[in-house]
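Each protein sequence line maps, in turn, to chains A and B.
Residue numbers for the first sequence follow the numbering used here, so the first one is 1 and each next one is one higher.
Residue numbers for the second sequence follow the numbering used here, so the first one is 214 and each next one is one higher.
Single-structure report; data block below.
There are 2 protein chains.
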Amino acid sequence: MSGRRHDPAEVLLARRKLRIDEVVSQRVRGLTLVLEQVHDPHNLAAILRSAEGLGLQDLHVVEGPKGFRPSQAVTQGADKWIDVHRHESAAACAGQLRARGFRLFGSQLEGQARSLQELPAAEKLALVFGNEHAGLSEAFAGHCDGFFRIPMSGFSQSFNVSVAVGITLATAMQNRRTLGLGGDLSEEEQAALRQRFYALAAPSTRRLRGGEG
Amino acid sequence: MSGRRHDPAEVLLARRKLRIDEVVSQRVRGLTLVLEQVHDPHNLAAILRSAEGLGLQDLHVVEGPKGFRPSQAVTQGADKWIDVHRHESAAACAGQLRARGFRLFGSQLEGQARSLQELPAAEKLALVFGNEHAGLSEAFAGHCDGFFRIPMSGFSQSFNVSVAVGITLATAMQNRRTLGLGGDLSEEEQAALRQRFYALAAPSTRRLRGGEG
Numbered sequence: 001m002s003g004r005r006h007d008p009a010e011v012l013l014a015r016r017k018l019r020i021d022e023v024v025s026q027r028v029r030g031l032t033l034v035l036e037q038v039h040d041p042h043n044l045a046a047i048l049r050s051a052e053g054l055g056l057q058d059l060h061v062v063e064g065p066k067g068f069r070p071s072q073a074v075t076q077g078a079d080k081w082i083d084v085h086r087h088e089s090a091a092a093c094a095g096q097l098r099a100r101g102f103r104l105f106g107s108q109l110e111g112q113a114r115s116l117q118e119l120p121a122a123e124k125l126a127l128v129f130g131n132e133h134a135g136l137s138e139a140f141a142g143h144c145d146g147f148f149r150i151p152m153s154g155f156s157q158s159f160n161v162s163v164a165v166g167i168t169l170a171t172a173m174q175n176r177r178t179l180g181l182g183g184d185l186s187e188e189e190q191a192a193l194r195q196r197f198y199a200l201a202a203p204s205t206r207r208l209r210g211g212e213g
Numbered sequence: 214m215s216g217r218r219h220d221p222a223e224v225l226l227a228r229r230k231l232r233i234d235e236v237v238s239q240r241v242r243g244l245t246l247v248l249e250q251v252h253d254p255h256n257l258a259a260i261l262r263s264a265e266g267l268g269l270q271d272l273h274v275v276e277g278p279k280g281f282r283p284s285q286a287v288t289q290g291a292d293k294w295i296d297v298h299r300h301e302s303a304a305a306c307a308g309q310l311r312a313r314g315f316r317l318f319g320s321q322l323e324g325q326a327r328s329l330q331e332l333p334a335a336e337k338l339a340l341v342f343g344n345e346h347a348g349l350s351e352a353f354a355g356h357c358d359g360f361f362r363i364p365m366s367g368f369s370q371s372f373n374v375s376v377a378v379g380i381t382l383a384t385a386m387q388n389r390r391t392l393g394l395g396g397d398l399s400e401e402e403q404a405a406l407r408q409r410f411y412a413l414a415a416p417s418t419r420r421l422r423g424g425e426g
């Protein structure tokens with residue numbers, strides 16, 4: 001059981017690699033999330049965990065005066081596996097996403113927003129959420145191709161922002177599955193991501209010595 | 214504008230009554246939520262707000278040693294419009310729901326749970342969530358007809374409990390809509406609920422004087 005050919009550390013690493021391969025093969029970049037000045041550390045951490053767990057690789061942030069500081073106790077390490085892209089302004093963020101072929105849809109509580117089920121799931125989608133109190137800024141709303149809302153029928157007209165993001169991303173991923181869409185990274189992107197994740201998963205002493213397993 | 218026939222307080226009350234009528238007509242009792250020893254006040258408040266906003270009228274709670282104490286700052290008043298039923302044990306809660314014709318499904322992170330989309334939406338459903346750390350107790354799991362999970366494909370294998378409940382209830386309500394199912398209260402139940410809600414919506418001085426107009 002403990003011979004050289006079954007070194008427990010190597011067995012563990014092999015298992016981790018299998019898990020990484022599985023996650024990377026299902027990773028999605030064609031659906032992304034944008035947070036504009038969401039600032040509560042608890043909410044940010046819950047959002048990172050939801051986005052990572054649902055399979056997103058990218059998260060875009062327009063930082064407000066309070067910055068982007070997820071509560072480490074709540075992320076449960078999810079922040080290690082997702083790429084956070086920081087932008088200085090709504091215009092810079094929207095411009096970059098549009099240049100990459102994304103259509104932008106903003107979360108809206110009222111008005112003529114389409115329901116979540118009606119988002120065009122086959123296209124590259126960036127779903128944008130505004131600040132806990134002020135909602136989406138007019139600046140960012142002006143860059144959006146359209147708006148969506150979560151169907152509600154009670155007196156409460158909004159959700160906690162981390163709940164709203166969770167419902168939205170879970171529904172958008174379900175919409176993708178309905179169309180038969182799974183992981184969407186190219187072979188090259190997957191290979192690069194696997195190497196990064198292998199390095200992250202290797203015991204930290206090996207990482208310090210530069211080993212990438 | 215301010216004549217006796219257009220008393221602003223009466224106009225406001227009339228508007229509130231219209232809103233109440235709309236909410237009551239869409240209220241749902243055939244889908245309910247059970248929380249077993251969920252204790253974080255922030256999570257509880259976010260859950261109450263989600264459940265109420267999505268249209269549920271009933272919430273069942275099996276209290277743990279820390280009780281059921283939603284954070285008032287986060288509920289935003291949602292607790293006023295939803296009925297919280299407290300039970301002393303898993304057996305008592307499950308027994309009462311089963312006697313009323315509910316099928317019980319527990320949230321599960323692993324194993325052979327069915328996906329959310331496969332829950333039998335046409336039946337009376339009670340969806341059960343366990344404690345933040347320990348999950349569903351074996352006692353309650355033993356009373357369940359089956360288990361469900363939210364499809365995930367990342368390293369994070371769970372959501373914050375308020376996010377998990379939000380995704381679950383939003384999906385279950387969407388499943389109902391797909392079948393053409395809306396509000397399900399009988400005429401008598403709706404009339405009784407309207408009267409309760411009118412009283413709650415009336416200015417508090419009138420309530421103190423016993424008026425329910």
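Here a beta-carbon is modelled for each residue, glycine too, at the ideal position from N, C-alpha and C.
Item to check | Buried/exposed call for residue 221/B, threshold 16 Cβ in 10 Å | outcome: exposed
Checklist entry - Can a CB atom of chain A be found closer than 8 Å to the CB of residue 406/B? => result no
Next on the checklist: Does chain A have any CB closer than 8 Å to the CB of residue 343/B?
Outcome noted: no
Checklist entry - Which chain B residues are close to residue 235/A, counting only those with a beta carbon under 8 Å from its beta carbon? => result Outside the shown range of chain A, which is 1 to 213, sits residue 235/A, and nothing can be said about it.
Checklist entry - Do you know how far the Cα of residue 60/A is from the Cα of residue 107/A? => result If you take the alpha carbons of residue 107/A and residue 60/A, they lie about 15 Å apart.
Checklist entry - What's the C-alpha gap between residue 337/B and residue 93/A? => result 45 Å
Item to check | At least three beta-carbon pairs within less than 8 Å, the region 71–81 of chain A to the region 163–174 of chain A | outcome: No, the region 71–81 of chain A is not in contact with the region 163–174 of chain A.
Checklist entry - Near residue 182/A, what residues of its chain come up, given a Cβ to Cβ distance below 7 Å and the 5 sequence neighbours on each side ignored? => result 26
Next on the checklist: Pop quiz: residue 105/A and residue 147/A are said to be a contact at Cβ under 8 Å. What is the actual Cβ separation, rounded to whole angstroms?
Outcome noted: 6 Å
Checklist entry - Looking only at DSSP bridge pairs, what is residue 392/B linked to? => result According to DSSP, residue 392/B bridges with nothing at all.
Checklist entry - Counting only runs that start and end within the region 2–85 of chain A, where is the alpha helix (DSSP H) found for 4 or more residues in a row? => result Taken in chain order, the complete alpha helix (DSSP H) segments of 4 residues or longer contained in the region 2–85 of chain A are 8–25, 41–54, 72–75.
Next on the checklist: So that I know if they touch, is there some Cβ in chain A lying closer than 8 Å to that of residue 259/B?
Outcome noted: yes
Checklist entry - Helix, strand or coil: which one does DSSP assign to residue 116/A? => result helix
Checklist entry - Across which residues does DSSP place residue 341/B in a beta bridge pair? => result 247/B, 319/B
Checklist entry - According to a CB-to-CB cut-off of less than 9 Å, which residues of the region 70–92 of chain A neighbour chain B? => result 74, 75, 76, 77, 78, 80, 81, 82
Item to check | Option nearest residue 331/B by Cα separation, candidates 246/B, 370/B, 312/B, 385/B | outcome: 385/B
Next on the checklist: Rounded to the nearest angstrom, what separates residue 97/A and residue 140/A at their Cα positions?
Outcome noted: 12 Å
Checklist entry - Along chain A, which residues have their Cβ under 8 Å away from the Cβ of residue 330/B? => result 174
Item to check | Simplified DSSP state of residue 166/A, which is helix, strand or coil | outcome: Helix.
Checklist entry - Does the Cβ of residue 202/A have 16 or more other Cβ atoms within 10 Å, making it buried, or fewer, making it exposed? => result buried
Item to check | Helix, strand or coil at residue 197/A [DSSP, three-state] | outcome: helix
Item to check | Three-state class that DSSP yields for residue 98/A in the structure shown | outcome: helix
Checklist entry - In angstroms, rounded to a whole number, what distance separates the CA positions of residue 14/A and residue 63/A? => result 38 Å
Checklist entry - So is residue 191/A buried or exposed if we call it buried at 16+ other beta carbons inside 10 Å? => result Residue environment: residue 191/A is assigned as exposed (fewer than 16 neighbouring CB atoms within 10 Å of its CB, all protein chains considered).
Checklist entry - Would you call the CB atoms of residue 262/B and residue 129/A closer than 8 Å? => result no
Checklist entry - Just the Cα atoms here: how many angstroms apart are residue 344/B and residue 255/B? => result 14 Å
Checklist entry - Secondary structure at residue 210/A, three-state DSSP: helix, strand or coil? => result For residue 210/A, the predicted model reports a pLDDT of 40, less than 50, meaning its position is unreliable; a value from the coordinates is still stated below. DSSP places residue 210/A outside both helix and strand once states are collapsed to three, so it counts as coil.
Checklist entry - Since residue 325/B meets chain A, which of its residues come closer than 9 Å, beta carbon to beta carbon? => result By Cβ distance, chain A contributes nothing, its closest Cβ being about 18 Å from residue 325/B, past 9 Å.
Checklist entry - Is it the case that the Cβ atoms of residue 411/B and residue 230/B are separated by a distance below 8 Å? => result yes
Checklist entry - Can you tell which of 11/A, 21/A, 10/A, 133/A has the C-alpha that lies nearest to the C-alpha of residue 187/A? => result 21/A
Checklist entry - Using the C-alpha atoms, what's the distance from residue 369/B back to residue 200/A? => result 15 Å
Next on the checklist: Please tell me whether residue 52/A and residue 90/A are closer than 8 Å, where the distance is taken between their beta carbons.
Outcome noted: For residue 52/A and residue 90/A, no; Cβs fall outside 8 Å.
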